[in-house]
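Accompanying notes for the structure given below.
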Amino acid sequence: MKRHLSKLYLLGALIAAGILSLFESSISPYYYQIIIYIGINIILASSLNIINGFAGQFSLGHAGFMAIGAYTSAVITFSAHAQPGTVTGYAVFTGALLAAGLVASFFGLLVGIPSLRLKGDYLAITTLGLGEIIRVIIQNLDFLGAARGFTGIAKMSNFFWVYGVVAVVIVLIWNLIHSTYGKGFLAVRDDEIAAEAIGINATHYKVVAFVTGAFFAGIAGGLYAHFVTYINPSQFGFLRSFEIVVMVVVGGMGSIVGVILAAVILTILPEALRAIAQYRMVIYALLLIVIMLSRPQGLFGGGINVKCSFRKAPTGT
Amino acid sequence: MSEFLQQVINGVSLGSIYALIALGYTMIYGILRFINFAHGDVFMIGAFVGYYAAPQVMKIAGGSVFLSAILVMLIAMIVCSVLGVTIEKLAYRPLRSRPKLTVLITAIGMSFFLEYGGQLVFGPDPKLFPTLFPSAAIVNAKNLVISTNSVVVIVTALALMLLLRLIVFKTKLGTAMRAVSYDHRAAALMGINIDTVISFTFVLGSSLAAAAALLYASVYPSINPLMGIFPGLKAFIAAVLGGIGNLFGAALGGLIIGLTETFVTGYISPTFRDAIAFAILILILLFKPSGIMGRHEAEKV
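The listed protein sequences derive, respectively, from chains A and B.
Last residue of the first sequence: 317 (the working numbering), numbering continuous.
Last residue of the second sequence: 301 (the working numbering), numbering continuous.
Written out as structure tokens, the structure is:
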């Protein structure tokens, strides 16, 4: 029974999402939009948490993978003329989301293999650069609408799709972390050299974490594209990546529940505080600094013994 | 041919600005082994200090263009040095024994704080940087214009780099810097005050960034609080390209990035301008992660 607990939970969550989505027309569109964004941000933050929190690799280009997913799925449903509300439409949408994840993870592999041989800072800059390169390339591709953006995407994402994926992602991460494989991630994060010394192929684990993270970011991008129905390259800039990073750091790197909570709060907060919108990025920045100085395990962290698990920088070198 | 020459001159002038910023990254990395993400924003603050100081200084200095330019530069350099040292004291020093990821996140936070704090203080709209010295054409041929501006940029940058070289290799503090970058603990045992050396490194790096900002703003006079992001990133890439931790490498990397950028803008397409530096970075990391002038460092446990 215990072995199947996560499967039961997943099934339950999917059914709940399905039932709730029947009532979605009774929610005001504004709140509905926020609820959807919360779901998408949970997927994004949780997927970055695999890379950042569990494998200890700092990626600043998560929005780039989201962009790849958004465009890939949009092109597929658009060229297949998928219609919402039809069985074939949703079948195409499922395929498009999977393709979005696969293409994003392919790019994750492409950038991961060279840059993951390097240490944290380099990876941060490389991923930032990758996100930027993706944006510039999309801006120059006419069939993707270039800088004008891509319009006419079918509105497929709803409560069921978004929160279905949320449930799948959470269950998957939960299982991953409690598997032997997941312990490999933590070992690489905590002390790469020691992990290598006991025979763990650190690069392999880092690449797997990166590719998995990119996969879910791609799917989140697909869900996003099919909710807003219009995408353009500037929606997936560095700021978007930064927001996701803040969610992970505030929630506590490596803490599944913490990151979800942070994603929820940091999606609602800017909406609630519209009056001081111009202070938002300053508050985010200060939040990062203050948290790093006083509570490096994050606001809700504590997760997997984070406090002593990050490797101390050698002071003597 | 003359168009090619024009691109070279533009490239060298842009490249020497990148080189000045890159020197800050490379020195701080050499001492502390981390990327000071906020360095590009110190550069931005330098430009704004110049923007606010220039009209006042010009009034005081009377008609002397030369004197007011030097005074404005000195003021910007001093303000940025103070800023750099303050950032280090408040944000980086308490984290010195903490994991690198923590410091990196703090530096990113600091970078965003300066950018968006700058937007609140200076306003988000671009501002026109005042002309410190009127630019005149020295050579004005059909396809080739060499202005005093590019000469001033190149000469100033070169002079500052030589001065830095003098400080690092001929003074006591410079020797201490090199010792600390070689081995913190051994340097401390030899009686070197690590904190002083680190503060001094931030003074040098930040004042070079401020000088670079004024040169940059004299070439591209539209300044805004987010202007530091791309020059900062490109200068960082220049530092990696040259071999991070290596002063000569940073200067060389800056020149290469500057030249590549102007050539891409001139001959291919301006839209790829900002992406090309990142492509260079990825290639360097793939084939020679230690950079052109860098030496391979074994990981210490």
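No residue lacks a Cβ here, since even glycine has one placed at the ideal position from N, Cα and C.
query: Applying the criterion that 16 or more other CB atoms from any shown protein chain within 10 Å of the CB defines a buried residue, is V169/A buried or exposed?
result: On the first sequence, position 169 is the one that residue 169/A refers to. Result: buried.
task: Answer with yes or no whether the minimum CB distance from N140/A to chain B is below 8 Å.
output: Residue numbering aside, residue 140/A sits at position 140 when the first sequence is read from its first letter. Yes, because at least one Cβ of chain B sits closer than 8 Å to the Cβ of N140/A.
query: Mind listing which residues of the stretch 265–285 of chain B have their C-beta closer than 7 Å to chain A's C-betas, in chain order?
result: T271, F272, D274, A275, F278, A279, L281, I282, L285
- prompt: Just the Cα atoms here: how many angstroms apart are E271/A and A67/A?
  reply: Here residue 271/A refers to the residue found at position 271 of the first sequence. Here residue 67/A refers to the residue found at position 67 of the first sequence. Approximately 23 Å between the Cα atoms of the pair.
task: Quick one: residues in its chain with C-beta nearer than 6 Å to the C-beta of G56/A, no 5 flanking neighbours on either side, listed in chain order?
output: The sequence position of residue 56/A within the first sequence is 56, counting from 1. Counting only Cβ-Cβ distances below 6 Å, and skipping sequence neighbours, we find R189.
- prompt: Does M281/A have its Cβ less than 8 Å from a Cβ in chain B?
  reply: The residue given as residue 281/A occupies position 281 in the first sequence. True, the Cβ-Cβ gap to chain B drops below 8 Å.
- prompt: In chain B, what lies closer than 9 Å to Q278/A by C-beta?
  reply: Here residue 278/A corresponds to residue number 278 of the first sequence, with the count starting at 1. Ordered by position in chain B, the residues that pass the 9 Å Cβ test against Q278/A are Y116, Q119, L120, P124.
message: Which residue wins for smallest C-alpha separation from L288/A, given the options V246/A, I268/A, W161/A?
response: As a position in the first sequence, residue 288/A is number 288, starting the count at 1. Comparing Cα-Cα distances from L288/A to each of V246/A, I268/A, W161/A, the minimum goes to V246/A.
query: Can you check whether the CB of L116/A is closer than 8 Å to the CB of V207/A?
result: Here residue 207/A corresponds to residue number 207 of the first sequence, with the count starting at 1. Here residue 116/A corresponds to residue number 116 of the first sequence, with the count starting at 1. Yes. Within cutoff.
- request: Any chance you could list the alpha helix (DSSP H) runs of at least 4 consecutive residues sitting entirely within the stretch 115–178 of chain A, in chain order?
  value: 120–139, 159–177
message: Just checking: is the beta-carbon of V306/A within a distance shorter than 8 Å of some beta-carbon in chain B?
response: Within the first sequence, residue 306/A is the residue found at index 306, counting from 1. Unreliable positioning characterises V306/A in this predicted model, as indicated by a pLDDT of 41, which lies under 50. A coordinate reading is not provided.
field: Beta-carbon separation (whole angstroms), I42/A vs V166/A, contact threshold 8 Å
entry: Taking the first sequence and counting its residues from 1, the one referred to as residue 42/A is at position 42. Taking the first sequence and counting its residues from 1, the one referred to as residue 166/A is at position 166. That pair is a contact at about 5 Å.
- prompt: Going by beta carbon distance, what residues of the same chain come within less than 6 Å of A195/A, once the five residues before and after it are set aside?
  reply: Here residue 195/A corresponds to residue number 195 of the first sequence, with the count starting at 1. The residues are A187, V188, A202.
message: Just to make sure I have the definition right: I need the residues of chain B whose C-beta is within less than 7 Å of the C-beta of E132/A. Which are they?
response: On the first sequence, position 132 is the one that residue 132/A refers to. The answer, in chain order, is D274, A275, F278.
task: Measure from the C-beta of F236/B to each C-beta in chain A and report whether the shortest distance is under 8 Å.
output: Sequence index remark: in the second sequence, residue 236/B carries index 236 (1-based). Output row for F236/B: interface = yes.
- request: Please work out which residues of its chain come closer than 6 Å, Cβ to Cβ, to S81/B, disregarding the five sequence neighbours upstream and downstream, and give them in chain order.
  value: If you number the second sequence from 1, residue 81/B lands on position 81. Excluding sequence neighbours, S81/B sits near V203, S206, S207.
- prompt: With G101/A and F227/A assumed to form a contact (beta carbons below 8 Å), what rounded beta-carbon distance in angstroms separates them?
  reply: The count along the first sequence starts at 1 and reaches residue 101/A at position 101. The count along the first sequence starts at 1 and reaches residue 227/A at position 227. Between F227/A and G101/A the Cβ distance is about 16 Å, and since that is not below 8 Å, they are no contact.
task: Please confirm if the stretch 244–259 of chain B is in contact with the stretch 11–18 of chain B, defined as three or more CB-CB distances below 8 Å between the two stretches.
output: yes
field: alpha helix (DSSP H) runs contained entirely in the stretch 143–227 of chain B, provided each spans 4 or more residues
entry: 148–170, 172–182, 184–189, 194–219
- request: Return the residue from the list V136/A, G254/A, G152/A, D142/A that minimises the CA-CA distance to R272/B.
  value: The count along the second sequence starts at 1 and reaches residue 272/B at position 272. At residue 272/B the sequence reads Phe, which differs from the Arg that was named. Ranking the options by Cα distance to F272/B, first place goes to V136/A.
query: Under 8 Å between the Cβ atoms of G164/A and L48/A?
result: One-based indexing of the first sequence puts residue 164/A at position 164. One-based indexing of the first sequence puts residue 48/A at position 48. No, Cβ-Cβ distance for G164/A and L48/A is not below 8 Å.
message: Only counting the same chain, and skipping five residues up and downstream in sequence, which positions put a Cβ closer than 6 Å to that of P221/B?
response: Taking the second sequence and counting its residues from 1, one reaches residue 221/B at position 221. So the list reads L128, F129, once near-sequence residues are dropped.
message: Can you find the residues in the same chain that come closer than 7 Å, C-beta to C-beta, to G316/A, ignoring five residues on each side of it along the sequence?
response: To locate residue 316/A, count along the first sequence from 1; it is residue 316. Confidence is the limiting factor: at G316/A the pLDDT is only 39, short of 50, which leaves the residue's position unreliable and the question unanswerable from this model.
query: Counting contacts by CB-CB distance shorter than 8 Å, is F300/A in contact with chain B?
result: In the first sequence, the residue the question calls residue 300/A occupies position 300. No - not a single Cβ of chain B is within 8 Å of the one on F300/A.
field: Bounding residues of the alpha helix (DSSP H) (the contiguous stretch that carries V211/A)
entry: Walking along the first sequence from the start, residue 211/A turns up at place 211. Where V211/A is concerned, the enclosing alpha helix (DSSP H) stretches over 202–228.
- request: On the DSSP bridge assignment, give the partners of V139/B in chain order.
  value: Mapped onto the second sequence, residue 139/B falls at position 139. For V139/B, which the question treats as bridged, DSSP gives the partners I146/B.
message: Suppose only complete runs of 3+ residues qualify. What are the beta strand (DSSP E) ranges in the stretch 27–76 of chain B, listed by chain order?
response: none
field: Buried or exposed (CB count within 10 angstroms, at least 16 for buried), A313/A
entry: Locating residue 313/A in the first sequence gives position 313, where the first residue counts as 1. For A313/A, the predicted model reports a pLDDT of 46, less than 50, meaning its position is unreliable; a value from the coordinates is still stated below. Buried.
field: Residue range of the unbroken alpha helix (DSSP H) whose run includes K7/A
entry: Indexing the first sequence from 1 puts residue 7/A at position 7. Element bounds for K7/A: 5–22.
field: Beta carbon of A76/B nearer than 8 Å to that of A213/B
entry: Translated into positions along the second sequence, residue 76/B becomes position 76. Translated into positions along the second sequence, residue 213/B becomes position 213. Cβ distance < 8 Å, so A76/B and A213/B count as in contact.
- request: Can you give me the Cβ contacts of M73/B inside the same chain, cut-off strictly under 7 Å, excluding the 5 residues immediately before and after it?
  value: For this step, residue 73/B is matched to residue 73 along the second sequence. If we look at M73/B and ignore the five residues flanking it on each side, its Cβ neighbours are A211, L214.
- prompt: For I302/B and chain A, any beta-carbon pair shorter than 8 Å?
  reply: It is not possible to answer for residue 302/B, since the shown part of chain B is limited to 1 through 301.
field: Members of the stretch 92–108 of chain B near chain A, C-beta cut-off 8 Å
entry: P94, L95, R96, S97, R98, P99, K100, L101, T102, V103, L104, I105, T106, I108
message: Please report the distance separating the alpha-carbon of G69/A from that of L223/A.
response: Your numbering for residue 69/A matches position 69 in the first sequence. Your numbering for residue 223/A matches position 223 in the first sequence. Between G69/A and L223/A, the C-alpha separation is close to 9 Å.
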